[in-house]
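Since the structure comes first, as structure tokens, the remarks are kept for the end.
In the numbering used here, the protein residues as written are 2 to 1038.
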């Protein structure tokens, strides 16, 4: 059938009475009450309408229609009340943001953080959402942004559900990094816990669990304290999400592993993160998987069986990731002798084999592609490891690297400097021996002072003269945290060994104030050379030093020599650091930024490509993190210059330089080798502390370390090759990310802005928003009505920062927010849109909107189309909510394939517009016929999805029952064996029988719960309808 030019008249002569409720014809959500019958002019009647907070305006009868309660969108369309693009977008944004019905196919973390879009960073998020238990091990290489990946998962959780309690566990030196990253990129407020404050939090939890919400960061060192472990075991505090960074510290038995197990038992969701390679067959990987999920990974034997059973799935996935897909080979693999009951007993297996056979003759048609996509999804779901493990490597995700150009500048001490170095070394040794120190403590003391002197002799002297001691006053920058050091060593004793020592004081006082500083002179030459190479123009150099005293010394010297310098270290409050970075970036007079490890954590310096290592850490992880501040995604230069300052004939020069240069850490990212080097360095460091060595013995030790390094590298390559066939790649998830991006399955800044502008107009009309769409920046002037709304729905605490300001400099765009950290970033989790959502939920959202829209696209031929959008809810063990778009042509046939309809729907959300042409009249009979045709087509899709979900759900329930039966069976067998071996101990037998009854009861409850989830049911409602006019799009659009 064709569109008809007869039917409903958009009348202008309709009469209304005082007190009657009306709505705008082209904006049905705008509702008001007639207060006065106004003028009658030129055949048109005018009425005064009170719109609530927006006040009273005079409107013509042409633009008004009476309110009809509870009309569906297609019924609204039949009355002729069609809104425009703004109405459509506002309606869609509301339904997509509802926490009560989060959409499976929408990723809310897109555009919701101050980060740039890199597809691989969403892979852990997709796996996490697919995971039944919401647990995942993220094992990405250093520098790929694991913190950002964790923040995106937290953002996604907040958008989908209420999140009250989150705990981040990390090494003590990374606490500020996590605080900064979460605050600066995700607008999250976390409290950094000490042992005492976390125990106080647990006490509050015990008194009032429902009111003890909060997000905190605690160190691995603090969480393993016995009193903390005892309280956690006693209370089992509930967390919505637990994130553990550097999780490899928990791989071995001990207090940290106990903490990991307790946190896993207490959390709804868990992320373990490590850059250390965890290989198949090793205890390491099993230990981490077991912490997260001891049902699927109960012991090493079962875990290795699971890995090997997974091999055919990985091989088949590899075949199907090719284009065109190698379907015959995939089919041969999945029906071959390697396939075990782990795979064949999966309810999806039979259907998957059938689909593969149907696709053996590959044509690439739209129908085949749709089946192929579902087949890939099922195969990914059958992967026995993929749901809980993800790893990205730089060489896999980067297409362009900055070239690292390293130069080693060796410093030859003057006679005065060398004499001071040797005399202090001998003094420390003599003092330590006099105190009866063990060899390990003695060597620790000596090496710590040698490191301080190799960093900067004048800095050490200045610090001692000022403070009277050698403590660096900043634990996270001090040498003790550079390593997982031996706990028996008293670090303060080592640093305080020479405190008030007369001989040392004499050495200090006799050191000439005018003595040459060879190391600083070398630095000055480097900086002068850089400026000369830049034609005398301002330069940007980032300088790292391990000791804070060294940084303050350099700050003074460089300023005296005319350089513009800024400093970031642990003394600088976190809130001030972004401003310092901004000054370094934008102010040409600021040429050098001095930084400690702590100072630069969580900050990016892609605009800088010159780096100086004034001293070098013994931990290669820290060295890579230093370089990684500059060598990051988005580095603006093709080269990064790295200048390393070594003191000749020092322990660093003899050993550290040798090993670092051996692996090429300054020339390129060393990836997995970094972890091996770290272990070797740790062992080497410990050996140096246990004995007094000559320079020749140190050289021999370095040679043995080099040989060990080469051997371990070869072993690593072999393990990686073996592991790949059992763990595999993640091509399906990368394809899903591309599909999400291409089909616009996310909320854009423009969509959110349209949503907010409307509700500002209606709920807070005195608020003024000025926004420049070209720069994506603006100002929001807060009114009293908006303040009241924020207080009502967000609470004083959540909205305190906003309420305290009269105006906000804002952006709705994530990339603009990334480049301008001072702007208030209004995203889906910001208090303002969240307050509007709660207001609508409280007062009822008036649906039933119908729209007349225009879209320029090449996916459909020019002309007019009907469109209908249904919300489908399928309830199962893993319930799903989706929006299904149906588009009909003028013959009431589907205008394109379901996949293309989804793409058109995404385009409509992204760049729909109001039509230029006027749609005067439509036939109600034809519109009812169109709706019925759309409904029938939707029900066909619904039935297909329902059947597919029944199959998936059955497989899921069967697999969970199988895993539970295995897990609880092992538990029962173990305790029955204990009874058999101890029949004579009556009390012990009764205890074991009690445990068996508890296990059996728990298993029965799990079985009953799972069986109840077998039933799959579906429901749906219509949330939008309208007319779509498609116009031509130039080919280059």
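Cβ coordinates follow ideal geometry from the N, Cα and C atoms, glycine included. Bear in mind the structure is a predicted one, so any value in this text is a computation, not a measurement.
Quiz item: Just how far apart, CA to CA, sit residue 995 and residue 1002?
Solution: 11 Å
Self-check item: DSSP three-state assignment for residue 1015, whether helix, strand or coil
Solution: coil
Quiz item: Are the CB atoms of residue 764 and residue 783 nearer to each other than 9 Å?
Solution: Their beta carbons are not under 9 Å apart, which means residue 764 does not touch residue 783 by this criterion.
Quiz item: Grouping DSSP H, G and I as helix and E and B as strand, with all else coil, what is residue 832?
Solution: helix
Practice problem: Have a look at the DSSP bridge pairing and note the partners of residue 612. | Solution: 543, 643
Quiz item: By Cβ distance, which residues of its chain are closer than 6 Å to residue 190, with the 5 residues on each side in sequence left out?
Solution: none
Exercise. Report the three-state DSSP secondary structure of residue 792 (helix, strand or coil).
Key: helix
Quiz prompt | Whole alpha helix (DSSP H) elements within the stretch 552-597, 4-residue minimum | solution = 578-587
Quiz item: For the beta strand (DSSP E) that contains residue 885, what are its first and last residues?
Solution: 881-889
Practice problem: May I ask you to report which of helix, strand or coil DSSP gives residue 170? | Solution: Strand, per DSSP.
Quiz item: Quick one: is residue 18 buried, meaning 16 or more other Cβ sit within 10 Å of its Cβ, or exposed?
Solution: With fewer than 16 other Cβ atoms within 10 Å, it is exposed.
Practice problem: Report the partner residues of residue 1027 according to the DSSP bridge assignment. | Solution: Looking at the DSSP assignment, residue 1027 forms a beta bridge with 852, 868.
Quiz item: Is residue 191 close to chain E, meaning its C-beta is less than 9 Å from at least one C-beta of that chain?
Solution: Absent from the structure: chain E. Only one protein chain is present.
Practice problem: Could you tell me if residue 1025 is buried or exposed, where buried requires 16 or more neighbouring beta carbons within 10 angstroms of its beta carbon? | Solution: buried
Quiz item: So what does residue 933 bridge to, in DSSP terms?
Solution: Paired residue(s): none; residue 933 is not in a bridge.
Practice problem: Can you tell me which of 32, 811, 759, 16 puts its alpha carbon nearest to the alpha carbon of residue 771? | Solution: 811
Quiz item: Cα separation between residue 1057 and residue 215?
Solution: Limits of the chain in this structure are 2 at one end and 1038 at the other, which puts residue 1057 out of reach.
Quiz item: In terms of residues, what are the limits of the alpha helix (DSSP H) holding residue 817?
Solution: 815-820
Exercise. Determine, using beta-carbon pairs with one atom in the stretch 950-960 and one in the stretch 903-910, whether at least three such pairs fall under 8 Å.
Key: no
Exercise. Determine the burial state of residue 597: buried for a count of at least 16 other Cβ atoms within 10 Å of its Cβ, exposed for fewer.
Key: Burial call: buried.
Practice problem: Could you tell me if residue 459 is buried or exposed, where buried requires 16 or more neighbouring beta carbons within 10 angstroms of its beta carbon? | Solution: buried
Self-check item: Per-residue DSSP class, three states only, for residue 389
Solution: coil
Exercise. Have a look at the DSSP bridge pairing and note the partners of residue 773.
Key: 778
Practice problem: Compare the Cα-Cα distances from residue 1021 to each of 985, 942, 980 and report the closest residue. | Solution: Closest by C-alpha distance to residue 1021, out of 985, 942, 980, is 942.
Quiz item: Cα separation between residue 1012 and residue 952?
Solution: 14 Å
Quiz prompt | Environment of residue 998 [buried if 16+ CB atoms lie within 10 Å] | solution = exposed
Quiz item: Can we say the stretch 154-172 touches the stretch 234-251, given the rule of at least three CB pairs closer than 8 Å?
Solution: yes
Exercise. With DSSP collapsed to three states, give me the class of residue 240.
Key: strand
Quiz item: Across which residues does DSSP place residue 271 in a beta bridge pair?
Solution: 136, 243
Quiz item: How is residue 377 classed by DSSP in three states: helix, strand or coil?
Solution: helix
Quiz item: By a C-beta neighbour count over all protein chains shown, 10 Å radius and 16 as the cutoff for buried, is residue 639 buried or exposed?
Solution: exposed
Quiz item: Do the stretch 98-111 and the stretch 362-376 meet, that is, are 3 or more Cβ pairs less than 8 Å apart?
Solution: No: fewer than three Cβ pairs fall under 8 Å.
Quiz item: Do you know how far the Cα of residue 340 is from the Cα of residue 314?
Solution: 9 Å
Quiz item: What is the C-beta distance between residue 332 and residue 361, in whole angstroms, given that I count them as a contact (C-beta under 8 Å)?
Solution: 7 Å
Quiz item: Quick one: what does DSSP say residue 16 is sitting in, helix, strand or coil?
Solution: Reduced to three states, the DSSP call for residue 16 is coil.
Quiz item: Measuring from the CB of residue 28, is there a heavy atom of the ligand GDP at a distance below 8 Å?
Solution: Ligands are entirely absent from the displayed structure, and the ligand GDP is therefore not among its contents.
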